[in-house]
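Residue numbers (this note's numbering): 11 to 416. Ideal Cβ placement from N, Cα and C applies to all residues, glycine included. Since we're looking at a predicted model, the values are computed, not measured.
So this is what it looks like as C-alpha cells:
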C-alpha cells in the first residue's frame, strides 16, 4: 500500500501561507489527507509570487503546496466568512498562520469554530507563543532562528552569528505541528475529542537545539558557543570539514571521529598512511588531540587535499569512520538515484510544466508518496463546494457572480 491512502478521508481546511503552515499541510496531503487551501481571490497565498511573480506561480509556492486543492473565498464578505464556517463544520482539521490576532478579528477563532464543530482539531502556527513578551510580533524563518537560539550556535568560532541554510524555523515548525495533528487525530478516532494545537516558531527552535542546552548545563553554565563545522563544544579532533582536490567552494569532506570509539583515530591513521603516529602521546587520546587540534587538522588536511571529496569519503567511510562529501544542490539534483528512489519526483504542472522537487522522504511499502501538482489559484472551488457541502451548480454560480468565491 502507498502512503497516499494513509490519511484518506481526513479533511483539512488550510488557511496558511508562505511556508511554516503550508509545509505542515503538505505533509498531510502527501499522506492522503484532502487539504483544501482557502485563498484570497485576487492574489492568493503570498507565496505564489515569492521571488517575483512571472507568468505562473513561483517555484517556491510549488515546493510547499503539492497535492492540495485551492478554493478562493472573499473573507471581507460576510457570506465568505459563513462559507468558511460551513467548511469548518465538516472539516476534521483547521489550521492558520495569519498575523497575531488576525483569525480572531475575522471571527474565525477557536471558540467560534469549536462551537460549530466541537470535535475539530484547530491548529495555529505563530512566531511567538502566548505569554511571550513578543507575542504580537510578526516572524519569519530567520526571525525564529535568531530568537530561538539557533543562530547563536551557528557560524565560525570567532565569527558573528550565522543563519543556517535550512528553513528550520518554517518547515521545522511545520513538521512538529504535523506530528501533533496526527497524535490528536488518533485520539479523536478513539474518543471523539477535539483539540486546540498551538506552536510558536521560536519555541520550535528550542526543541531543535536541545544538545546546545545540554552542553551549556554540563559545562560552566555559560551560553553554548558557535563551533563552525564542528559539533557544539568543538568535538574531539579530527572533526569538521577538510579541503579536497579541486579547490571549489564545496570541495570538502566532513570527517568525524568519536570520543566514544577510540578506534576511529587509529583507523584513520591507517587510511591516510600515518601508522607512525599510532600511540604517539600527542594524539593518543581525545583530550590530547584537542590540545593539539591545529596539528591534527594539518595532518588530516595534507591527506584529504590529495583526493577529490567523493574518493576521500569512500576511503574513509570504508574504514568504518563516519565521513561525508560536502554535496551542493547541483550535485544532488544531478544524482539520478534520488529520482530512481522517489526521493525527488517530477511534478506535472499545467502552467510550469515538468518541475522536479524533493517530496516526502519516508517510504511506505518501499515507495514515498507521489508528488502531485500544486493547485492553481481557486482551481477546485466548485469541486470542493460540491463535495464538502453538497452545493449544486446554481448555488456555486451565484457565489461566483457575487464574488464570494473566485
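Requested in this report: Would you identify the three-state DSSP class for residue 133, choosing helix, strand or coil?
Outcome: Assignment of residue 133 by DSSP, reduced to helix, strand and coil, places it in the strand class.
Query raised in the report: Which one of 115, 77, 58, 159 has the shortest CA to CA distance from residue 70?
Result: Of 115, 77, 58, 159, the residue nearest in Cα terms is 58.
**Report entry** 4-residue-minimum alpha helix (DSSP H) runs that sit fully inside the segment 297-369, ordered along the chain
**Finding:** List check, alpha helix (DSSP H) in window: 303-314, 319-328, 339-343, 346-350.
**Report entry** Burial state of residue 359 (16 or more Cβ within 10 Å)
**Finding:** Residue 359 comes out buried.
Requested in this report: Decide if the segment 158-173 is in contact with the segment 235-246; the criterion is three or more beta carbon pairs, one per stretch, under 8 Å apart.
Outcome: The segment 158-173 and the segment 235-246 touch, with no fewer than 3 CB-CB distances between them shorter than 8 Å.
Query - residue 294 versus residue 348 - alpha carbon distance - result: Residue 294 and residue 348: Cα-Cα distance of roughly 41 Å.
Query raised in the report: Does the beta carbon of residue 296 come closer than 7 Å to any beta carbon on chain C?
Result: Absent from the structure: chain C. Only one protein chain is present.
Query raised in the report: Sorted by chain position, which residues of the same chain lie with C-beta nearer than 6 Å to residue 212's C-beta, five sequence neighbours on each side aside?
Result: Hits under 6 Å: 138, 154, 157, 158.
Report task. With a 10 Å radius around its C-beta and 16 neighbouring C-beta atoms as the bar for buried, classify residue 320 as buried or exposed. Result -> It is exposed - the Cβ of residue 320 has fewer than 16 other Cβ atoms within 10 Å.
Query - N- and C-terminal bounds of the beta strand (DSSP E) containing residue 208 - result: 205-210 is the span of the beta strand (DSSP E), which, as asked, contains residue 208.
Query raised in the report: Looking at the structure shown, is residue 24 part of a helix, part of a strand, or coil, going by DSSP?
Result: Residue state for residue 24 is assigned as strand, using DSSP reduced to three classes.
Report task. Ignore the nearest five residues each way along the sequence and tell me which others in residue 126's own chain have a CB closer than 7 Å to its CB. Result -> So the list reads 95, 98, 99, once near-sequence residues are dropped.
Query raised in the report: Among all the DSSP beta bridges, which residues are the ones paired with residue 250?
Result: For residue 250, DSSP records a beta bridge to 265.
Query raised in the report: Is the distance from the Cβ of residue 14 to the Cβ of residue 379 below 7 Å?
Result: For residue 14 and residue 379, yes; Cβs fall inside 7 Å.
Query raised in the report: Counting pairs of beta carbons, one from the segment 217-230 and one from the segment 269-284, are three or more of them closer than 8 Å?
Result: The answer is no - the segment 269-284 does not touch the segment 217-230, with fewer than three Cβ pairs under 8 Å.
Query raised in the report: Out of curiosity, what's the CA-to-CA distance linking residue 335 and residue 357?
Result: It is roughly 29 Å from the alpha-carbon of residue 335 to the alpha-carbon of residue 357.
**Report entry** Alpha carbon of residue 208 to alpha carbon of residue 190, nearest angstrom
**Finding:** Between the C-alpha atoms of residue 208 and residue 190 there is a straight-line separation of about 10 Å.
Query raised in the report: The beta strand (DSSP E) with residue 82 in it runs from where to where?
Result: Element bounds for residue 82: 79-82.
Requested in this report: Keeping to the same chain, check which residues put their C-beta closer than 7 Å to that of residue 43; ignore five residues upstream and five downstream.
Outcome: Around residue 43: 17, 20, 22.
Report task. Sort 30, 90, 24 by Cα distance to residue 78 and report the nearest one. Result -> Residue 24 is the option with its Cα nearest to residue 78.
**Report entry** Beta-carbon proximity of residue 388 to residue 82, cut-off 7 Å
**Finding:** It is a contact, given that the beta carbons lie within the stated cut-off.
**Report entry** CB of residue 204 within 7 Å of CB of residue 130, strictly
**Finding:** Yes.
Query raised in the report: Terminal residues of the continuous beta strand (DSSP E) containing residue 104?
Result: Where residue 104 is concerned, the enclosing beta strand (DSSP E) stretches over 103-106.
Query raised in the report: Got a sec, what are the start and stop residues for the beta strand (DSSP E) residue 255 sits in?
Result: Segment: none, residue 255 is in no beta strand (DSSP E) and carries neither H nor E.
**Report entry** Inter-residue spacing [alpha-carbon to alpha-carbon] between residue 241 and residue 411
**Finding:** If you draw a straight line from the Cα of residue 241 to the Cα of residue 411, it is about 60 Å long.
Query raised in the report: Would a C-beta distance cut-off of 7 Å place residue 84 and residue 414 closer than the cut-off?
Result: Contact: yes.
**Report entry** Residues of its chain near residue 27, where Cβ-Cβ distance is below 7 Å and the 5 sequence neighbours each way are ignored
**Finding:** Excluding residues within five positions, the ones whose Cβ falls inside 7 Å are 55, 56, 57, 107.
Query raised in the report: Over what stretch of residues does the beta strand (DSSP E) that includes residue 44 continue unbroken?
Result: Judged by DSSP secondary structure, residue 44 falls within the beta strand (DSSP E) whose first and last residues are 44-49.
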